[in-house]
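Numbering (full-length UniProt numbering), first residue to last: 1 to 132. The beta-carbon is built from N, C-alpha and C at its ideal position, and this holds for glycine as well.
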Amino acid sequence: EHVHDYDCWPTVRDNRIQGMAFVKVLGGGRARTSSIMHNRMVVNVSVSDIGVRSSATLAEGAKTGQVIRPGQVVCVKSVEDIDGVRFWKLKENGHYVFETTQDGTRIMQECMNVETGMWWYRAACDECLEIR
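As structure tokens, then:
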């Protein structure tokens with residue numbers, strides 16, 4: 001039997017909502033290859049939420065309250081390098097997220113060969129899998 005009410009699990013519901021919002025930003029509601037090719041995307045490769053900032057700064061006071069969750073992919077419209085720190089400007093709202101921490105640990109990585117769609121995968125092996 002398959003679960004028919006995915007929204008009964010808050011985490012699944014939140015991930016579905018984020019996914020649908022991402023696809024909308026990605027192609028303006030269209031899911032065509034040409035739309036995907038004209039966008040740059042970055043993914044949170046850390047194990048923690050990343051605070052989005054209103055300006056290209058590491059200052060805690062610039063946090064907007066929005067976060068990018070581990071494994072979450074976001075569209076960006078530009079990149080700025082300020083004092084050796086790379087900031088990605090988000091396409092959705094014009095806010096910023098930084099690429100590396102002050103000690104050089106990478107937390108955001110540009111995505112290549114992105115594939116979008118609303119489908120489910122089934123693991124067909126006995127080993128543990130990490131899925132993002």
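- In the DSSP assignment, E110 falls within the unbroken beta strand (DSSP E) covering M108 to E110.
- When C-alpha distances from R40 are compared across V79, L129 and I68, the shortest belongs to V79.
- Beta bridge pairing from DSSP links I68 with I50.
- Ranked by how close their Cα comes to the Cα of D103, the residues I68, G71, G84 and V47 have G84 in first place.
- Counting every other CB atom within 10 Å of its CB across the protein chains shown gives A56 a total of 16 or more, marking it as buried.
- Straight across, the Cα-Cα distance linking C75 with K91 is about 6 Å.
- A residue is called buried once 16 or more other Cβ atoms fall within 10 Å of its Cβ, and R53 is buried on that count.
- With at least 16 other beta carbons inside 10 angstroms of its own, W88 counts as buried.
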